[in-house]
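Student: To convert, note that position 42 of the sequence shown is 50 in the working numbering; the numbers rise steadily by one, no gaps. The following block contains the structure, expressed as structure tokens.
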Amino acid sequence: MNRKKEITYLQARQELQELVEELEKPDADLGQIAAKVKRALELVTFCRNYLRKVQEDTEAIIETHEKD
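Spelled out as structure tokens, the structure:
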């Protein structure tokens, strides 16, 4: 599950949702659970970092606007 290509926030969220649904299935492939959990954690980290950056950028824009 090595993914080097850039993904968007929405793509990451969609993939994360799909992984959660797969892991919740009673017949989930036990051999794939560790890899899927690892990928899910990578996606969660990506999403958190993305949202943090959006928040910082938004706050900077607001701060700049308030100074004008």
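We put the beta carbon where it would ideally sit given N, CA and C, even for glycine.
Could you tell me the distance, in whole angstroms, from the CA atom of LEU18 to the CA atom of GLU32?
Tutor: 21 angstroms
Student: How many Å lie between GLU50 and GLU74 at the Cα?
Tutor: 36 angstroms
Student: Can you name the start and end residues of the alpha helix (DSSP H) that GLU72 belongs to?
Tutor: Reading the sequence as shown, one finds Thr at residue 72 and not Glu. Element bounds for THR72: 41-75.
Student: Classify MET9 as helix, strand or coil using the three-state DSSP reduction.
Tutor: Its pLDDT being 48, under 50, MET9 is placed unreliably in this model, and the value from its coordinates should be taken loosely. If DSSP states are grouped into helix, strand and coil, MET9 belongs with coil.
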